[in-house]
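One structure is given here, and the rest of the page talks about it.
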Amino acid sequence: MRIRFVLFILLAVLVSCAKQSTVPPSQEDILYQVEGFFIQKPDSALQILDTLNVDVLSEKERAHYCLLKVKVRDQFFLYDNITDSLLQVAEDYFIGSKEKYFEAETCEALSRIAFKKGKGEQVKLDWLQKAFESIERCHQIDDRLIRFSNKPISKEEMLDIKKYDIQFRLGMCYLDNGYTQEGLNHIKAAERYYADTQHYFMQFNIENVLGNAYLALKEYDSCSMYFEKGLWAAKEAGNAERIACCHFSKSMLYRYQFDNQDYEGQKEGDSLLRKAIAECNRGLALYEEPMFRYKDALYSELSRCFYRLEQYDSCAYYAEKQMSFMDAMHFEMVPNPENASILQRLYKSYEALGNTEKALEYADRYVGMQQVIEEQPKAVEQVKNEYEKKLEMTQLQAKHQAKQYRLYLMLAFLLAALLLVLWLAFRYRKNKEIEALKHEEAYRKLQSEFDAASQQAHQALHQRVMAIYQSGGERTMERIMAEFMAIYPKATDKLASTYPGLSDSERNIVVLSFLGFRMKEEADILNLSPNTVEKYRSNIRKKTNNDPISNLIR
Numbered sequence: 001m002r003i004r005f006v007l008f009i010l011l012a013v014l015v016s017c018a019k020q021s022t023v024p025p026s027q028e029d030i031l032y033q034v035e036g037f038f039i040q041k042p043d044s045a046l047q048i049l050d051t052l053n054v055d056v057l058s059e060k061e062r063a064h065y066c067l068l069k070v071k072v073r074d075q076f077f078l079y080d081n082i083t084d085s086l087l088q089v090a091e092d093y094f095i096g097s098k099e100k101y102f103e104a105e106t107c108e109a110l111s112r113i114a115f116k117k118g119k120g121e122q123v124k125l126d127w128l129q130k131a132f133e134s135i136e137r138c139h140q141i142d143d144r145l146i147r148f149s150n151k152p153i154s155k156e157e158m159l160d161i162k163k164y165d166i167q168f169r170l171g172m173c174y175l176d177n178g179y180t181q182e183g184l185n186h187i188k189a190a191e192r193y194y195a196d197t198q199h200y201f202m203q204f205n206i207e208n209v210l211g212n213a214y215l216a217l218k219e220y221d222s223c224s225m226y227f228e229k230g231l232w233a234a235k236e237a238g239n240a241e242r243i244a245c246c247h248f249s250k251s252m253l254y255r256y257q258f259d260n261q262d263y264e265g266q267k268e269g270d271s272l273l274r275k276a277i278a279e280c281n282r283g284l285a286l287y288e289e290p291m292f293r294y295k296d297a298l299y300s301e302l303s304r305c306f307y308r309l310e311q312y313d314s315c316a317y318y319a320e321k322q323m324s325f326m327d328a329m330h331f332e333m334v335p336n337p338e339n340a341s342i343l344q345r346l347y348k349s350y351e352a353l354g355n356t357e358k359a360l361e362y363a364d365r366y367v368g369m370q371q372v373i374e375e376q377p378k379a380v381e382q383v384k385n386e387y388e389k390k391l392e393m394t395q396l397q398a399k400h401q402a403k404q405y406r407l408y409l410m411l412a413f414l415l416a417a418l419l420l421v422l423w424l425a426f427r428y429r430k431n432k433e434i435e436a437l438k439h440e441e442a443y444r445k446l447q448s449e450f451d452a453a454s455q456q457a458h459q460a461l462h463q464r465v466m467a468i469y470q471s472g473g474e475r476t477m478e479r480i481m482a483e484f485m486a487i488y489p490k491a492t493d494k495l496a497s498t499y500p501g502l503s504d505s506e507r508n509i510v511v512l513s514f515l516g517f518r519m520k521e522e523a524d525i526l527n528l529s530p531n532t533v534e535k536y537r538s539n540i541r542k543k544t545n546n547d548p549i550s551n552l553i554r
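When the letters of the sequence shown are read in order and numbered with the numbering used here, they come out as residues 1 to 554.
Pasting the structure below:
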């Protein structure tokens with residue numbers, strides 16, 4: 001008993017640990033889970049995405065997060081700057097990448113958002129073409145897209161669904177841009193796929209589009225065939241609204257033939273209108289509920305057909321039923337040709353029936369709406385002109401700012417060039433000053449070395465000439481001059497050339513004075529009296545303008 005109790009306790013502990021060790025889904029797995037249900041539950045999807053920790057995601061999954069959030073916001077018709085910035089992140093990463101599935105989805109989102117923001121059919125077409133090219137080159141997708149799909153699906157099936165969905169949208173865009181044959185080829189390729197795979201909802205949409213395309217081409221047999229195929233697909237899907245839509249489309253076919261007078265005789269024309277009325281009644285009989293999507297369209301079609309048959313009581317009845325339905329659905333009676341035609345049929349019907357009061361009531365409303373409709377182009381034109389003027393002013397301001405920017409850039413360049421020139425000049429001058437200082441320093445060094453050497457030579461010369469003087473003897477002056485000329489060979493020539501007015505005796509006195517002899521010694525060497533030597537010295541000062549003795553020699 002105890003053993004069983006212990007085993008039970010251990011088992012409970014293990015189960016508890018197993019529950020606690022359950023790993024929560026990663027942030028990236030949550031992204032793929034949202035991919036599986038965001039169309040069915042956009043509110044929950046947006047709430048989950050807003051609370052997701054984007055910082056832990058890889059670069060690819062951050063781009064995937066932004067793309068997914070754009071698709072969810074599209075469900076709420078949110079086309080603001082936030083959507084643009086999110087889409088830009090996805091575009092920067094996926095366009096041109098190896099992730100062809102997400103590249104195709106990004107191109108598809110770009111086409112849809114561009115059209116919603118009024119950038120035109122051509123931009124939408126260009127992005128859809130790129131989306132189709134990307135999905136055709138896609139052969140691999142993330143396994144988590146399949147694992148977290150809201151229904152069991154294979155990789156090939158997921159790729160095919162995406163491919164033919166894009167091809168269908170591309171075909172419709174071709175039709176809208178006037179490329180009829182290209183559009184029909186793409187749509188028919190998608191039709192074959194959805195018919196073979198029994199995707200009845202998509203098949204219904206495609207058959208309806210093909211029927212309307214052939215209706216515009218006035219190929220009524222082909223149009224009728226595709227409307228019948230759409231009706232079959234809607235019945236297979238078991239969707240009453242889509243069945244009612246098919247009956248409306250068939251009634252529109254008969255009425256379109258009548259309006260274009262594609263019949264022979266009044267009887268055949270009336271037969272076409274009665275067929276249209278019968279189709280509308282079949283559509284209305286599908287629902288007992290007071291409100292459904294195509295009810296106002298069926299009422300409108302019945303009113304048109306009865307008006308053309310000149311059955312004005314039935315025309316007025318269904319026109320008023322349509323207006324009551326619009327009131328119940330809170331649809332505003334905005335001024336447009338469709339609503340104006342309702343009021344026109346009502347006032348003409350009551351006028352034909354002799355109900356003047358109601359005829360005047362609807363006539364007043366019709367005239368008032370027509371005036372608004374006629375004024376709308378003027379208002380639109382005025383808005384357009386104001387927009388064009390504003391755009392022109394913006395462009396002029398942009399050009400002016402661009403010119404200013406170029407001017408400022410040129411001035412900045414010139415200023416930078418001037419500063420560079422000044423800096424180079426400053427550096428050149430500084431280098432020259434440094435070089436001059438170096439030369440001056442070297443010169444001073446050499447000069448000091450030269451002066452030192454000269455001083456030594458001069459002292460040695462002084463000693464030798466004093467020795468000659470002290471030894472006495474004949475020709476003392478000649479021996480002194482020989483020693484002097486050995487050291488200063490050009491001195492006498494310099495004296496003669498610089499001071500040509502000096503006599504030979506005066507030049508001898510200059511040399512002796514330079515060698516450091518006193519006046520008495522000079523007189524003794526030259527055999528002259530001291531007074532004569534003094535006189536010669538006075539003459540020398542006058543003739544040399546008192547230049548120092550050293551300058552006279554060197």
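Note that beta-carbon positions come from the ideal geometry of N, C-alpha and C, so glycine has one too.
Using the Cα positions of residue i and residue j, report the straight-line distance between them to the nearest angstrom.
i    : j    : result
C17  : S26  : A caution first: C17 carries a pLDDT of 46, below 50, which makes its placement in the model unreliable, though a value can still be read off. Each residue's Cα considered, the two are about 20 Å apart.
D557 : W232 : Residue 557 lies beyond the residue range present for the chain, which begins at 1 and ends at 554; the question has no answer from this structure.
N355 : E332 : 26 Å
Y101 : N53  : 24 Å
K438 : A425 : 20 Å
G36  : S149 : 5 Å
S21  : Q33  : Below a pLDDT of 50, predicted positions are generally treated as unreliable, and S21, at 38, falls in that range; no measurement from the model is reported.
K295 : K275 : 18 Å
G171 : F132 : 11 Å
L128 : F94  : 15 Å
L391 : L253 : 44 Å
H186 : I141 : 24 Å
S224 : S111 : 31 Å
A189 : G211 : 15 Å
T83  : Q75  : 12 Å
N508 : Y428 : 52 Å
S341 : K321 : 15 Å
R554 : I434 : With a pLDDT of only 46 at R554, under the threshold of 50, the placement of this residue in the model should not be trusted, and no figure is reported.
N539 : D547 : 12 Å
V23  : I30  : Unreliable placement is indicated for V23, whose pLDDT of 40 sits below 50; no coordinate value is reported for it.
E28  : E136 : 26 Å
E157 : D143 : 13 Å
L512 : K543 : 17 Å
If you follow the alpha helix (DSSP H) that residue i is in, where does it begin and where does it stop?
i    : result
V54  : No alpha helix (DSSP H) contains V54, which DSSP labels as neither H nor E.
L512 : D504 to F514
L302 : K295 to R308
S529 : Unbroken run through S529: none, as it is neither H nor E.
M326 : Y312 to A328
R475 : Looking at the DSSP string, R475 is not in any alpha helix (DSSP H), and its letter there is neither H nor E.
N339 : P337 to L353
D547 : Careful: D547 lies outside any alpha helix (DSSP H) and carries neither H nor E.
Q40  : Careful: Q40 lies outside any alpha helix (DSSP H) and carries neither H nor E.
L495 : A491 to T498
Among the options, which one has its Cα closest to the Cα of residue i?
i    : options                   : result
I153 : T197, K116, A216 and Y318 : T197
Q470 : E522, E207 and E386       : E522
Y194 : Q266, Y164, N212 and Y317 : Y164
P42  : D55, G501 and L78         : L78
R242 : K267, Q203, S222 and A131 : Q203
V510 : V533, P489, L528 and S529 : V533
Q122 : Y174, L87 and Q311        : Y174
V367 : E386, N385 and L346       : L346
S454 : A363, L515 and E61        : L515
L461 : E435, G473, Y488 and V72  : Y488
F474 : E433, G501 and D524       : Reading off the sequence shown, one finds Glu at residue 474, where the question assumed Phe. Checked all of E433, G501 and D524; the closest Cα to E474 is D524.
K358 : A297, Y317 and Y499       : Y317
I234 : D327, Y220, S249 and S222 : Before going on, a small fix: residue 234 reads as Ala here, not Ile. Taking only the C-alpha atoms, the option nearest A234 is S249.
N281 : C245, N385 and A213       : C245
G238 : L145, Y200, V56 and K229  : Y200
A104 : D55, Y179, L67 and F227   : L67
Inside the segment 131 to 213 only - alpha helix (DSSP H) runs reaching at least 4 residues: Fully enclosed alpha helix (DSSP H) runs of 4 or longer: 143 to 147, 155 to 176 and 180 to 196.
Completely contained alpha helix (DSSP H) runs for the segment 205 to 265, where each covers 4 or more residues: 220 to 237 and 240 to 259
Contained alpha helix (DSSP H) runs [length at least 4] in the segment 50 to 125, N- to C-terminal order: 59 to 75, 81 to 94 and 100 to 116
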